[in-house]
Each structure stands twice: as C-alpha cells, then as structure tokens.
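J.: Those letters in the sequence shown? Residues 123 to 204, by my numbering.
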Amino acid sequence: MRSRTWDYICLSLVILGAINWGLIGLFRFDLIATIFGGMEGIISRIIYTLIALAGLYCLSFFGREVHNQHRDRVNATTTERL
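(1) Considering GLY163, what are the terminal residues of the alpha helix (DSSP H) in which it resides?
(2) Starting from PHE158, trace the alpha helix (DSSP H) both ways and give me its first and last residue.
(3) Going by the CB atoms, is the gap between ILE169 and ILE154 shorter than 8 Å?
(4) Please report the distance separating the alpha-carbon of GLY185 from that of ILE146.
(5) Near ILE173, what residues of its chain come up, given a Cβ to Cβ distance below 6 Å and the 5 sequence neighbours on each side ignored?
(6) Distance check for ARG150 and GLY144, CA to CA, integer angstroms please.
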C-alpha cells in the first residue's frame with residue numbers, strides 16, 4: 123500500500139476519533155460505542171485501538187514536514203547557485 127494512501131486512512135481515523143471525543147465532551151454521547159455495542163464490545167475496542175495507532179502514526183507527519191522544508195531549502199540554494 124502506498125504511503126499516501128496509508129496517510130489518508132490514518133488521518134480519517136484520527137478525524138473520526140476527534141469527532142467522537144467532541145461528541146463525548148459536548149453531549150456525553152459516544153458514537154463509536156453506540157454503533158458498535160458499547161465500550162466493552164470487542165469491535166469498539168478494536169476501533170479505539172486503531173484510532174490510537176493512527177494518531178501515533180500521524181505524529182510522523184511532523185517529521186516529514188521538517189524533512190520536506192529542509193529539502194526545499196537545499197534545492198532552492200542549489201538552484202540559486204546555478
């Protein structure tokens with residue numbers, strides 16, 4: 123699977139988690155638990171775990187952004203010298 127596809131999947135899961143936490147905070151309504159059988163249901167626990175792993179994976183976006191900015195600066199400097 124391409125990295126970009128994986129990035130979008132993980133970002134979608136993180137957004138789902140953010141919406142769920144917003145609903146919990148505002149209305150005390152856990153959408154995932156409601157749809158998938160409560161917080162103790164195995165499917166709910168799997169989804170919570172996937173969201174957590176996706177959030178950890180999304181931390182790598184910061185490192186990639188710094189790397190991309192550095193690469194762009196190096197390329198700009200090289201182009202100026204030519």
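Just so you know, even glycine gets a beta-carbon here, dropped at the ideal spot from N, CA and C.
T.: Taking the structure as given:
(1) Residue mapping note: residue 163 aligns to position 41 of the sequence shown, counting from 1. Counted as a single uninterrupted DSSP element, the stretch harbouring GLY163 is not any alpha helix (DSSP H), since DSSP gives it neither H nor E.
(2) Residue mapping note: residue 158 aligns to position 36 of the sequence shown, counting from 1. Note, PHE158: alpha helix (DSSP H), 153–158.
(3) As a working mapping, residue 154 is identified with position 32 in the sequence shown. As a working mapping, residue 169 is identified with position 47 in the sequence shown. At a Cβ-Cβ threshold of 8 Å, ILE154 and ILE169 count as neighbours.
(4) By one-based count along the sequence shown, residue 185 stands at place 63. By one-based count along the sequence shown, residue 146 stands at place 24. Answer to the nearest angstrom: the Cα atoms are 30 Å apart.
(5) If you number the sequence shown from 1, residue 173 lands on position 51. Apart from sequence neighbours up to five positions away, the residues of its chain that approach ILE173 with a beta-carbon distance below 6 Å are LEU135 and GLY139, ordered along the chain.
(6) Here residue 144 refers to the residue found at position 22 of the sequence shown. Here residue 150 refers to the residue found at position 28 of the sequence shown. Spanning the two alpha carbons is a distance of roughly 9 Å.
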